[in-house]
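Residue numbers (the UniProt record's numbering): 1 to 403. A short worksheet on the structure shown next.
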Ligand SMILES: Nc1nc2c(ncn2[C@@H]2O[C@H](COP(=O)(O)OP(=O)(O)O)[C@@H](O)[C@H]2O)c(=O)[nH]1
Ligand SMILES: [Mg+2]
């Protein structure tokens, strides 16, 4: 090959290489342009399908749950409830412990036994337990103080524990250790179990019904909630919000429906129709919400008696249980309410709400001792999972304080 030829070949190869480089640069530039225009589109907020997976899933809200008002709350497709750290009974009773045993403990700083006893007496009488229960506990402390020259706070504490357990055990033991609401409501072989819920305004009836319903639905039961508070205009809507939440908690076969007929002002009619519907449509539970009323309003108490009676026309044994909802903060007044409602209706259980943050949790002991009805559930917050079955030994340990 001549020198001229090889120079020509080198030139040609160099030219081809340059051309190749130019093509690669052009392709790279056009790719980066495309990417840029995509990201601009995103930042302008255009709804591109590629963006959807990046957005966090919103938590289910009551309005997003498919429901029908009377015809039934359809089963929600979202089955999980947001799980979060929840308070337990022990935490909820911290203030009660401080108000009760904390003060007794401090009374022991007195050197003289008589002064201790006076101080303890004062603590007990201001602790919302009610006089009968106070006397039982006082007898315990007194006998400990007089029995031993060396009476110590620990001796008194274990005597108090024994006395409290003696009060609670006979009434509570049938339900002891039950962790699920359905175990408290003994469902009959056939037909629905009917639970009637009563109490004064603002005690937490509707809220507690929502929480109970959520637990039953999550255990695959079919629950019909009846809007028997026909007195307050907003009551049905509030119950609906709660049944929507409860429906959201249901899984598998569980379902929640609300019976909320428009324009019905008669709670007996609502109760009658709801039980009839539940019986014919194979519901497992009916829970009847009622209008709040004071135990002193005789005509309203009569109305409740009638509501109770009409349900028995559909199912002889209905309502199978009647529970009163008591606000723990109302202290001694809660005892009065329980007494009067029990006389009028014959109660089977208590739901003690707002135990979170109250210093008056001693009311559980007072109710059990003086009214003789068991505390079934305790409300320890406003969320749907803030309802616990009542464990009386945990309760006693909590108000006497773990050391
Ligand atoms: N902190 C707390 N609040 C509660 C509890 N139970 C109910 N509540 C609140 O008490 C208020 C009245 O409840 P509601 O169910 O409407 O009472 P009702 O009139 O008896 O039906 C609402 O603001 C509830 O959120 C509870 O256990 N703890
Ligand atoms: Mg209500």
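Positions of the beta carbon are idealized from the N, C-alpha and C atoms, including for glycine.
Identify which residue in 333, 246, 140, 209 has its Cα closest to the Cα of residue 291.
Of all alpha-carbon atoms in 333, 246, 140, 209, the one lying nearest the alpha-carbon of residue 291 is that of 209.
Pick from 237, 392, 12, 130 that is closest to residue 332, judged by C-alpha positions:
Per the Cα distances, 130.
Residues with C-beta closer than 5 Å to any heavy atom of ligand 2, in chain order:
Going down the chain, each residue whose beta-carbon is closer than 5 Å to a heavy atom of ligand 2 shows up: 205, 206.
Leaving out the 5 sequence neighbours to the left and right, which residues in its chain are closer than 8 Å to residue 340 when beta-carbon positions are compared?
295, 296, 301
Three-state secondary structure (DSSP) at residue 310?
helix
Applying the 10 Å Cβ sphere with the 16-neighbour rule, what's the burial state of residue 12?
exposed
Residue 287, enclosing beta strand (DSSP E) - first and last residue
285 to 290
Three-state secondary structure assigned by DSSP to residue 357
coil
With respect to 7 Å, is the separation between the Cβ of residue 199 and the closest non-hydrogen atom of ligand 1 below this value?
yes
Here's the rule: buried if 16 or more other CB atoms are within 10 angstroms of the residue's CB, otherwise exposed. What is residue 107?
buried
So, under 8 Å CB-CB, residue 386 and residue 211 are touching, yes? Tell me the CB distance rounded to an integer number of Å.
7 Å
Residue 141 in three-state terms, based on DSSP
helix
Could you give the distance in angstroms between the alpha-carbon of residue 76 and the alpha-carbon of residue 230?
In this predicted model, residue 76 has a pLDDT of only 33, less than 50, meaning its place in the structure is not dependable; the value taken from the coordinates is given anyway. Straight-line Cα distance between these residues: approximately 27 Å.
Would you call the segment 160 to 172 and the segment 130 to 145 touching, i.e. three or more CB-CB distances under 8 Å?
yes
Specify whether the segment 266 to 286 and the segment 166 to 173 touch according to this definition: at least 3 beta carbon pairs, one from each stretch, less than 8 Å apart.
The segment 166 to 173 and the segment 266 to 286 do not touch, with fewer than three beta-carbon pairs separated by less than 8 Å.
Roughly how far, in whole angstroms, is the beta-carbon of residue 270 from the beta-carbon of residue 264, given that I think they are within contact range, below 8 Å?
6 Å
Could you tell me whether the segment 311 to 326 touches the segment 192 to 199, where touching means 3 or more Cβ pairs closer than 8 Å?
Three or more pairs of CB atoms, one per stretch, sit closer than 8 Å, so the segment 311 to 326 contacts the segment 192 to 199.
When burial is assigned at 16 or more other CB atoms within 10 Å of the CB, is residue 154 buried or exposed?
exposed
Contacting residues, own chain, Cβ-Cβ under 7 Å from residue 221 (five flanking each side not counted):
182, 254, 284, 285
For ligand 1, I want to know if residue 203 counts as a neighbour, meaning its beta carbon is within less than 7 Å of at least one of the ligand's heavy atoms.
Yes.
DSSP state of residue 293 mapped onto helix, strand, coil:
DSSP places residue 293 in the coil class of the three-state scheme, outside both helix and strand.
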